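Here the structure comes first, spelled out in structure tokens, and everything after it is commentary.
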Amino acid sequence: MSLTKLTKLLDVHEQIKKKETGKPAALAQRLDISERTLYNYIKELRGMGAPILYCPVAESYVYKKDWRFEVLAYLWKYRK
1 MSLTKLTKLL
11 DVHEQIKKKE
21 TGKPAALAQR
31 LDISERTLYN
41 YIKELRGMGA
51 PILYCPVAES
61 YVYKKDWRFE
71 VLAYLWKYRK
């Protein structure tokens with residue numbers, strides 16, 4: 001687990017919390033990652049229990065309900 005990946009995951013999480021992701025291609029560009037990597041990060045967050053949906057009206061990913069990114073639990077899971 002790299003610090004860069006954790007930082008990007010947190011960036012994605014913050015954008016979703018604010019309901020300001022925009023379309024996937026735009027978010028990937030802002031985060032300087034590929035669209036495929038963005039989809040993988042969203043899949044990973046969903047795997048951690050994040051209730052992520054894409055809202056076409058808002059043109060943003062959103063959380064269906066409140067969710068917290070538990071950084072310590074994440075780091076513990078991916079420790080080497």
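The numbers in full-length UniProt numbering rise by one with no breaks, and the one at position 5 of the sequence shown is 5.
All C-beta atoms, glycine included, are put in the ideal place defined by N, C-alpha and C.
The structure presented is a predicted model; accordingly, all values stated were derived computationally and were not measured.
For VAL62, the secondary structure class from DSSP, reduced to helix, strand or coil, is strand.
Separation of the CB atoms of TYR61 and ILE42 is rounded to 7 Å, and the pair is thereby assigned contact status at 8 Å. Shown here, ILE33 sits in coil according to DSSP, grouped into three states, outside any helix or strand. DSSP, reduced to helix, strand and coil, places TYR78 outside both helices and strands of the structure shown, so it counts as coil.
Rounded to the nearest angstrom, the Cβ distance from LYS5 to GLU59 is 26 Å, too far for a contact under 8 Å.
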